[in-house]
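*Asks:* Under my numbering, think of the first position of the sequence shown as 8, with each following residue one higher. Using N, Cα and C, we set each Cβ at its ideal position, and we do this for glycine too. This one's a predicted model, so the numbers in the text were calculated from it and none came from an experiment. Take a look at this one; I'll ask things after.
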Amino acid sequence: MNLQDDDPGEVFRKAMPEAEPPPARFDLDRIVRDGYRVRRRHRAVLGGAAASGVAAVAAVLALSVTGMPGTPTGAADDPSTDASTPPEAVVVEDPAMAGYPYAEEWGTVADGDWAGGVYRENEEAAEVKAAATEAFGQLLAEAGVWDDPANTAPEDECSWILTEDGSQEEFDACIIGQSGMPVGAHQKPGNYGQTFLRSFKGGESEEEGFALRTIFEFEVALPGGWTAEPGPITEQLFPQHFISDGPYFTEEAPEFTTEQLDAGRTLMIADHDCAAELAIVYPNGTGLRVTWNNCSGTDHPLDLGGLVDAAASMPEFEFDTSELRPVEELNEVPMGWVYDEDDWANSAEAEGDAAETYEIARTVLREHYPDATLEEGGALSLGQMDRGANMQRSYSAYGTLPIETTIDSSVGDVAFNLRYYLPGGWIPGFSETGTWDGHLTVCKEGFVCDSWSDDDGTTWAFEEHSVTHEPMAGEDWEAFTEHEMYATRYSPGGWAVGVWLQWTDDAPIDADMVGELLRAMPAPVYDEEDVPTIPAG
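Listed below in structure tokens is the structure:
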């Protein structure tokens with residue numbers, strides 16, 4: 008299964024044949040490129056995005072993770088996006104109030120050799136990887152996290168190259184690439200995606216049941232969008248705080264200290280006793296944040312002195328910041344929710360509210376289509392699963408309409424996904440920039456998109472896509488046209504309801520029919536007194 012090249016819906020159907028594909032707003036390519044690498048030995052290694060590779064369960068994650076933005080429509084034809092044309096220099100007086108455009112392949116380069124055209128780390132990422140391996144390798148080995156200071160990869164991780172007629176040189180390159188500190192390029196939304204922060208991240212985690220428990224993490228941040236002033240680490244704020252002096256690993260605030268190092272560096276340490284977080288800010292505006300967490304009782308106790316020494320040995324990096332731009336006019340986005348490890352989505356209250364919402368919706372649906380079906384559904388948090396990340400609260404349920412269609416040669420009723428969005432962290436309509444900028448959806452390349460508002464304050468957004476498939480010479484099947492529609496009704500009450508449908512050929516489905524159905528849908532059931540708050544740490 009090629010998660011880089013295959014159609015997301017097709018990948019999902021193959022991975023989960025009993026389930027319906029996710030709406031078009033989910034982009035599995037982004038999940039693959041911005042996911043963490045999981046490398047299994049006696050533990051799981053938590054690395055960055057890009058070329059390290061992730062498990063094929065990305066298709067499942069699409070149900071609970073919002074896709075990151077793709078390349079803006081028309082970017083391939085825009086001379087300003089040509090990598091050979093250096094961007095015009097811009098003086099940024101206050102990097103904290105600046106950010107970067109989203110660049111889908113930032114931090115990576117195409118590898119057309121043995122890697123099969125996938126993306127791998129660029130020179131900056133490789134430089135960070137080498138420095139981090141050198142700085143933290145001995146500490147990780149002494150703590151039993153790594154088997155040796157170089158974190159040498161076992162040969163079986165690359166043996167497939169030799170079995171597929173690869174060369175010894177390619178095998179050796181694979182071993183080198185899989186060894187050392189896992190590092191990936193990371194782009195984090197600022198102002199709910201209206202600008203982006205850039206960094207290189209890596210770390211180590213252990214498996215705990217079906218979850219990963221992080222032991223060690225580090226992040227090397229480029230200038231832009233963050234401040235060295237201590238405060239809550241959350242995407243709700245801009246600029247974002249680089250280190251927190253509030254409680255996070257425990258209920259108590261840490262012992263927080265600041266120290267001036269040589270070469271103009273500033274060291275900040277948040278000592279949580281069983282965990283520590285430290286940051287080094289460099290004169291050129293870059294920053295290093297390092298975390299060691301033993302609060303869950305791992306077999307890798309914290310050596311704070313060793314951690315500080317290792318961090319202090321990291322060099323000051325000179326990164327390409329030519330795309331850094333001051334943040335100018337912004338859309339005002341209602342405060343979003345913070346990643347809570349699915350505490351809300353798994354709560355009895357959220358599941359009960361979702362079930363009640365869809366029970367009412369099912370009754371309304373059958374008034375229009377008596378033979379329609381709608382599952383019980385459930386609560387979902389949408390967003391990046393990372394500390395301080397902005398999350399959107401939603402309900403999701405699949406159903407069918409009694410309209411016959413053919414999908415992958417199977418004849419059946421038209422399937423749909425009915426999704427509710429609760430207030431917080433988004434604005435009505437779709438993004439016309441091709442990136443996630445606070446709007447719930449993006450007008451993706453190849454889609455026809457339209458949005459308007461009614462006199463009662465309701466906003467509508469429709470995204471439609473059609474493609475005709477024709478047989479090649481010698482193939483024996485009839486041409487067909489595949490249709491996809493994602494329609495969203497934004498209530499003036501702050502919530503939204505959307506439906507995704509897929510069908511082929513001339514099924515009696517159009518925007519008027521879907522709009523009428525959405526207009527009939529009830530308001531979601533939820534606790535209106537539960538509103539987003541800024542975390543303490």
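Quick check: the Cα distance between residue 349 and residue 484, rounded to an integer number of angstroms?
*Replies:* For the purposes of this step, residue 349 is taken as the residue at position 342 of the sequence shown. For the purposes of this step, residue 484 is taken as the residue at position 477 of the sequence shown. Roughly 45 Å between the two C-alpha positions.
*Asks:* If you drop the 5 nearest sequence neighbours on each side, which residues of the same chain put their C-beta closer than 8 Å to that of residue 152?
*Replies:* Residue mapping note: residue 152 aligns to position 145 of the sequence shown, counting from 1. Correct list, in chain order: 50, 211, 222, 223 and 307.
*Asks:* Since residue 407 sits in a beta bridge, which residues does DSSP pair it with?
*Replies:* Stepping through the sequence shown from its first residue, residue 407 is reached at position 400. 380 and 422, per the DSSP bridge assignment.
*Asks:* Could you say which of 132, 321, 299 and 527 lies nearest to residue 498 if we only look at CA atoms?
*Replies:* Mapped onto the sequence shown, residue 498 falls at position 491. Residue 498 has its Cα closest to that of 527, out of 132, 321, 299 and 527.
*Asks:* Roughly how many angstroms separate the alpha carbons of residue 440 and residue 232, rounded to a whole number?
*Replies:* Start at 1 with the first residue of the sequence shown, and residue 440 comes out as number 433. Start at 1 with the first residue of the sequence shown, and residue 232 comes out as number 225. Computed Cα separation, rounded: 20 Å.
*Asks:* By Cβ distance, which residues of its chain are closer than 6 Å to residue 302, with the 5 residues on each side in sequence left out?
*Replies:* Counting from one through the sequence shown, the residue named residue 302 turns up at place 295. The residues are 256, 281 and 282.
*Asks:* How about residue 145 and residue 164: do their beta carbons lie closer than 8 Å?
*Replies:* Within the sequence shown, the letter at position 138 stands for residue 145. Within the sequence shown, the letter at position 157 stands for residue 164. Against a cut-off of 8 Å, the Cβ pair of residue 164 and residue 145 comes out as no contact.
*Asks:* Within 10 Å of its beta-carbon, does residue 201 have 16 or more other beta-carbons around it, so buried, or fewer, so exposed?
*Replies:* Sequence index remark: in the sequence shown, residue 201 carries index 194 (1-based). Burial call: buried.
*Asks:* Can you name the start and end residues of the beta strand (DSSP E) that residue 318 belongs to?
*Replies:* For the purposes of this step, residue 318 is identified with residue 311 of the sequence shown, where counting begins at 1. Here residue 318 belongs to no beta strand (DSSP E); instead the alpha helix (DSSP H) covers 311-319.
*Asks:* Pick from 444, 446, 453 and 241: whose alpha carbon is nearest that of residue 393?
*Replies:* Walking along the sequence shown from the start, residue 393 turns up at place 386. Residue 241 is the option with its Cα nearest to residue 393.
*Asks:* Let's test the definition: count the other Cβ atoms within 10 Å of the Cβ of residue 183 and tell me whether it reaches 16, buried, or not, exposed.
*Replies:* Numbered from 1 along the sequence shown, position 176 holds the residue referred to as residue 183. Residue 183 should be labelled exposed.
*Asks:* State the start and end residues of the unbroken alpha helix (DSSP H) segment that holds residue 486.
*Replies:* Along the sequence shown, one-based indexing puts residue 486 at 479. It is not in any alpha helix (DSSP H) - residue 486 carries neither H nor E in the DSSP assignment.
*Asks:* Expressed to the nearest angstrom, what Euclidean distance is found between the alpha-carbon atoms of residue 235 and residue 248?
*Replies:* Here residue 235 refers to the residue found at position 228 of the sequence shown. Here residue 248 refers to the residue found at position 241 of the sequence shown. Approximately 6 Å, taken between the alpha carbons.
*Asks:* Please report how far the alpha carbon of residue 535 lies from the alpha carbon of residue 430, in whole angstroms.
*Replies:* As a first step, residue 535 is located in the sequence shown; it is residue number 528 there, counting from the start. As a first step, residue 430 is located in the sequence shown; it is residue number 423 there, counting from the start. So the alpha carbons of these two residues sit roughly 9 Å apart.
*Asks:* Are the segment 366-373 and the segment 337-352 in contact at 8 Å, needing three or more beta carbon pairs?
*Replies:* These segments do not touch.
*Asks:* Sorted by chain position, which residues of the same chain lie with C-beta nearer than 6 Å to residue 509's C-beta, five sequence neighbours on each side aside?
*Replies:* Taking the first residue of the sequence shown as 1, we reach residue 509 at position 502. Counting only Cβ-Cβ distances below 6 Å, and skipping sequence neighbours, we find 491.
*Asks:* Helix, strand or coil: how does DSSP classify residue 450 here?
*Replies:* Locating residue 450 in the sequence shown gives position 443, where the first residue counts as 1. Coil.
*Asks:* Just the Cα atoms here: how many angstroms apart are residue 529 and residue 291?
*Replies:* Along the sequence shown, read from residue 1 onward, the residue named residue 529 stands at position 522. Along the sequence shown, read from residue 1 onward, the residue named residue 291 stands at position 284. Roughly 54 Å between the two C-alpha positions.
*Asks:* Can the beta-carbon of residue 458 be found closer than 8 Å to that of residue 465?
*Replies:* What you label residue 458 is simply residue 451 of the sequence shown in a count that begins at 1. What you label residue 465 is simply residue 458 of the sequence shown in a count that begins at 1. Cβ atoms of residue 458 and residue 465: not closer than 8 Å.
*Asks:* Runs of 3 residues minimum, wholly inside the segment 156-184: which ones carry the beta strand (DSSP E) assignment?
*Replies:* Fully enclosed beta strand (DSSP E) runs of 3 or longer: not present.
*Asks:* Which residues bound the beta strand (DSSP E) around residue 98?
*Replies:* If you number the sequence shown from 1, residue 98 lands on position 91. Run containing residue 98: none; DSSP gives neither H nor E here.
*Asks:* Looking at the structure shown, is residue 391 part of a helix, part of a strand, or coil, going by DSSP?
*Replies:* Mapped onto the sequence shown, residue 391 falls at position 384. Coil, per DSSP.
*Asks:* Here's the rule: buried if 16 or more other CB atoms are within 10 angstroms of the residue's CB, otherwise exposed. What is residue 406?
*Replies:* Looking up residue 406 in the sequence shown gives position 399. Buried, since its Cβ has 16 or more Cβ neighbours within 10 Å.
*Asks:* Strictly by DSSP, which residues pair up with residue 456?
*Replies:* As a first step, residue 456 is located in the sequence shown; it is residue number 449 there, counting from the start. BP columns for residue 456 point to 470.
*Asks:* Which value, in whole angstroms, describes the spacing of the CA atoms of residue 7 and residue 314?
*Replies:* A question about residue 7 goes unanswered here, because the residues of the chain that appear run from 8 up to 544.
*Asks:* I'd like to know whether the C-beta atoms of residue 549 and residue 468 end up nearer to each other than 8 Å.
*Replies:* Any property of residue 549 remains undetermined from this structure, which presents the chain solely from 8 to 544.
*Asks:* How would you label residue 476, buried or exposed, when you count the other beta carbons within 10 angstroms and need 16 or more for buried?
*Replies:* Translated into positions along the sequence shown, residue 476 becomes position 469. When all chains shown are included, residue 476 counts as exposed.
*Asks:* What does the Cβ neighbour count give for residue 288, buried or exposed, with the cut at 16 atoms within 10 Å?
*Replies:* Within the sequence shown, numbered from 1, the residue matching residue 288 stands at position 281. With 16 or more Cβ atoms within 10 Å of its Cβ, residue 288 is classed as buried.
*Asks:* Work out the CA separation of residue 158 and residue 225 for me, nearest whole Å.
*Replies:* Against the sequence shown, residue 225 aligns to sequence position 218. Against the sequence shown, residue 158 aligns to sequence position 151. Those two C-alpha atoms are separated by around 16 Å.
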